[in-house]
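Residue numbers (my numbering): 3 to 252.
The beta-carbon is built from N, C-alpha and C at its ideal position, and this holds for glycine as well.
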């Protein structure tokens with residue numbers, strides 16, 4: 003149903019898997035997106051199944067309307083329930099969330115892009131970022147880290163996403179990245195480039211001040227591991243995983 007990416011005291015950090023739900027992708031799938039061709043009832047049943055598994059009521063979740071940008075927003079307990087049962091205009095165009103509040107589950111949908119999780123070892127700060135090639139090029143992980151005053155106390159988890167062997171971009175896209183990302187590209191015979199999005203996001207986290215021993219890369223490729231949905235492998239006709247991070251109330 004879901005993969006736990008790191009176990010930390012009273013926090014929950016993970017991402018849902020493909021199977022174990024009520025959606026037709028092709029059957030018994032855990033699609034977590036209300037914005038694709040699936041019945042809302044299926045999605046809410048999938049949400050409830052996850053809520054029970056992680057002991058975090060869906061009424062306490064927060065979901066933004068992602069647009070592959072690099073805008074971030076702080077949320078609080080007052081935002082709980084946003085875009086969970088139905089989509090609204092709230093948190094539209096937001097691809098990064100952070101909060102200091104307990105009892106709030108930050109959530110976002112994925113199907114190859116990189117989920118980046120942050121948490122502090124000193125207080126209740128947590129954050130979640132959606133980093134496809136646009137979010138990575140826009141350095142959304144650094145924007146989230148900059149929202150916290152002491153990056154040396156942050157931990158970073160880079161979750162399952164498409165790997166460089168399965169994902170390529172053209173020269174125009176490569177040209178939008180900074181020169182210090184050059185080693186994360188590899189020229190292919192067709193003139194396109196493999197791109198290591200997980201590696202670039204680790205580099206960005208290091209540059210922003212998070213110590214290397216506080217950064218974990220899952221190393222899981224969503225295009226190769228059939229536990230997960232893959233937008234690229236399935237030509238867009240697939241479900242979405244839900245990445246999530248939250249601090250349980252004590």
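Bridge partner(s) assigned by DSSP for residue 243: 112
Residue from 13, 232, 226, 158 whose Cα sits closest to the Cα of residue 210: 158
Between the CA atoms of residue 8 and residue 100 - distance to the nearest angstrom: 18 Å
Three-state secondary structure assigned by DSSP to residue 137: helix
Nearest-angstrom Cα separation, counted from residue 147 out to residue 32: 30 Å
First and last residue of the uninterrupted alpha helix (DSSP H) at residue 13: Run containing residue 13: none in the alpha helix (DSSP H); it sits in the beta strand (DSSP E), 13–18.
DSSP state of residue 93 mapped onto helix, strand, coil: coil
Which residues DSSP lists as bridging residue 249, in chain order: 13
Through-space distance from residue 244 to residue 223, alpha-carbon basis: 16 Å
Of the listed residues 238, 125, 34, nearest to residue 19 (C-alpha basis): 34
Residue range of the unbroken beta strand (DSSP E) whose run includes residue 193: First-last for residue 193: undefined, no H or E at that position.
Pairwise C-alpha distance: residue 189 and residue 130: 31 Å
For residue 182 and residue 134, the rounded distance between their alpha carbons: 18 Å
Residue interval of the alpha helix (DSSP H) (run including residue 200): 199–209
Which residues DSSP lists as bridging residue 77, in chain order: Paired residue(s): none; residue 77 is not in a bridge.
Supposed contact pair residue 141 and residue 206 - C-beta distance, whole angstroms, cut 8 Å: 6 Å
Touching by the beta-carbon criterion (3+ pairs, under 8 Å), the segment 213–229 and the segment 71–81: no
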